[in-house]
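Just below is one structure, and these are the notes that go with it.
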Amino acid sequence: MKKIIDVELKTRKVDFSKCKTNLLAVGLFSDAKGLDKLNAQLDSQLDGAIERLIKLGDFKPKEGTSAIVYGNKSIGAERVLLVGLGEKKKATLDTLRKAASNTAKKSVEMKIETISLALHKAFGGRFDLSAMGQVCAEGAYFGSYRYDEFVTENENGRADSLKVEVIDSDSAKMKKINKGLLSGRAIGKAQSYARTLSNRPANVINPAELAAAAKELSRGSKNLSCTVFDEKQMAAKGMGGVLAVGSGSQNKPRFIVLKYSPADRAANRQPTVGLVGKAITFDSGGISIKPAANMDQMKLDKSGGIAVLATMKAITELELPVNVYGIIPSAENLPSGTSYRPGDIITTLSGKTVEVQNTDAEGRMILCDGISYAVKQKCDIIIDIATLTGSCMVALGKYMAGLMGNDEKLIKQLQRASKDSGEKVWPMPSSDEYAKEMKSKIADLKNIGSKWGGACTAAAFLRQFVGDTKWAHLDIAGMDIFSKPTEFSAEGSTGFGVRLLTTYLMNLVAG
Ligand code: BES
Ligand code: MN
Ligand code: ZN
């Protein structure tokens with residue numbers, strides 16, 4: 021198996037035009053009148069090549085576009101990559117993150133090994149330098165990522181590693197950028213880790229393998245521990261939901277609990293947060309089997325659980341002063357003679373009984389046990405994340421995740437984290453009207469509602485397991501995958517949720 025491309029990141033104080041590099045990336049806004057200071061300086065050393073390129077109309081600096089100008093004896097760079105930033109008034113930190121992604125993606129495609137980013141210069145003093153360092157690092161990881169572990173043929177060849185440096189000529193500025201770069205590196209690395217685990221198919225990753233990965237993550241760590249319950253231990257605890265969903269597969273379910281408890285006493289001033297992630301390693305639908313088209317994408321039905329796992333990795337590396345549980349119920353949903361069936365009544369960990377009307381509504385069956393476990397651990401805040409419903413995709417498309425919950429402040433905090441991280445969410449309801457649809461005549465609940473509002477009824481089902489705990493739910497169906505490559509990323513798993521959840525926790529400790 022081939023190793024996923026390695027990213028090395030650092031900052032360097034150097035004069036922009038003297039910087040020796042394979043590629044120097046600079047940003048340009050589409051509505052700017054003339055070149056900014058840095059670009060004008062480079063342009064004069066390049067004998068006006070940038071101006072000519074723009075005048076000829078060969079490059080309009082829209083977001084997602086770029087153009088190459090080749091270097092000469094007057095500058096250190098072999099290539100200057102002009103990266104489009106779109107309209108200046110619309111620019112956010114995500115514009116810079118995407119510009120870094122775009123640059124990193126092109127560089128991997130061109131098999132370039134060392135790149136120098138001066139993209140932040142175009143933004144002047146608009147954003148905090150540390151924040152700009154962070155998004156450059158996150159973007160470099162995001163854009164350079166490609167999943168090719170199992171590709172043995174050489175035509176897909178690429179460099180083993182990409183060396184990325186963010187450069188500035190001012191050492192005080194460099195220091196600030198470097199601080200953010202270190203956070204961005206931890207987050208970017210965690211997101212790539214999530215993408216690789218998610219991209220691995222179900223014959224490679226099953227619940228036991230995912231549990232092994234979680235164990236491996238906690239190995240040798242002082243602050244992160246991992247406990248895994250197998251089916252026998254789950255049966256003893258009464259985790260009927262996870263057991264029912266896992267009953268059809270030879271690959272037995274696991275219940276994974278990560279606990280991050282930093283030594284820093286400041287952590288005890290924060291609420292204990294429980295992150296609960298759905299990890300269905302393959303969702304065939306079970307006895308209520310899915311149609312064949314695109315069923316392969318259901319290997320990504322573990323993405324919520326893996327987002328939780330990777331968030332635990334990031335916060336451990338960042339040493340954030342907050343206590344966090346990462347709770348990951350994992351099962352494979354397959355049809356067989358031992359599967360759970362429509363009509364079955366399941367007793368969940370909470371004691372509540374659920375009438376199964378569709379075995380394809382399995383996510384809520386495992387999440388309810390995960391949520392109950394978080395309640396039993398006395399978490400003050402519970403956030404669950406899951407590729408839960410096709411309805412959420414119908415409602416929001418593939419641009420935003422659904423955000424439901426029972427606490428206004430928590431919803432606002434997640435919206436803020438969404439803005440900061442560039443991982444978009446949109447609020448949706450999960451109120452009593454929806455909960456009413458989930459009542460069963462022969463059990464406490466049933467696992468599907470009516471034809472309409474499926475994302476909301478699913479959330480309303482989960483809401484009934486949180487009691488008085490502050491709770492939010494992220495439905496990331498559709499956000500888990502890029503079906504086609506974009507300017508900013510290769511296709512496959514997106515790692516959605518890692519930046520969002522980590523940013524939420526970072527903001528929480530920053531106060
Ligand atoms: N994992 C799916 C939801 C999903 C669909 C995620 C498409 C990503 C892309 C989930 O387990 C599911 O099958 N949900 C059903 C629920 C229904 C039976 C109430 C759905 O959305 O159709
Ligand atoms: Mn399903
Ligand atoms: Zn599913």
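The sequence shown begins at 21 in my numbering and counts up by one. From the three backbone atoms N, C-alpha and C, an ideal C-beta is built for every residue, glycine too. Predicted model only: the values in this text are computed from it and were never measured.
Judged by their CB atoms, M413 and M448 are not nearer to each other than the 7 angstroms cut-off.
Distance from the C-beta of T409 to the nearest heavy atom of the ligand BES is below 6 angstroms. Secondary structure at F143: helix, using DSSP grouped into helix, strand and coil.
With at least 16 other beta carbons inside 10 angstroms of its own, S359 counts as buried.
By the beta-carbon neighbour count (other beta carbons within 10 angstroms, threshold 16), M254 is buried.
With the rule of 3 Cβ pairs closer than 8 angstroms, the stretch 138 to 153 counts as touching the stretch 104 to 120. When secondary structure is reduced to three states using DSSP, N353 falls in the strand class. Going by DSSP, P447 is part of no alpha helix (DSSP H) but of the beta strand (DSSP E) stretching over 445 to 447. In terms of Cβ geometry, G294 and I402 form a close pair [threshold 7 angstroms]. Between M152 and H140, the gap from beta carbon to beta carbon is short of 7 angstroms.
Look at Y419 here: in three-state DSSP terms it is coil, with no helix or strand label. The residues I365, T373, V374, E375, in chain order, have a CB closer than 7 angstroms to that of A463 in the same chain once the five nearest residues on each side in sequence are set aside. Around the beta-carbon of G204, 16 or more other beta-carbon atoms lie within 10 Å, marking it buried. As a beta-bridge residue in DSSP terms, K490 pairs with I401.
Between S86 and A124, the C-beta gap is not smaller than 7 angstroms, which leaves the two residues out of contact. Short note on G84: C-beta not closer than 6 angstroms to any heavy atom of the ligand ZN. Sequence-distant partners of I225 (beyond 5 residues in either direction) whose C-beta falls short of 6 angstroms from its own C-beta, in its chain, are T301. Linking E71 to K57 through their CA atoms gives a straight-line distance of about 13 angstroms. Taking 7 angstroms as the cut-off, the Cβ atoms of S191 and F162 do not count as close.
Of the residues G240, I335, C399, S308, the one whose Cα lies closest to the Cα of D380 is S308.
For N378, the CB falls within less than 6 angstroms of some heavy atom of the ligand BES. With respect to the C-alpha of K30, the residue from A160, L278, Y90 having the closest C-alpha is A160.
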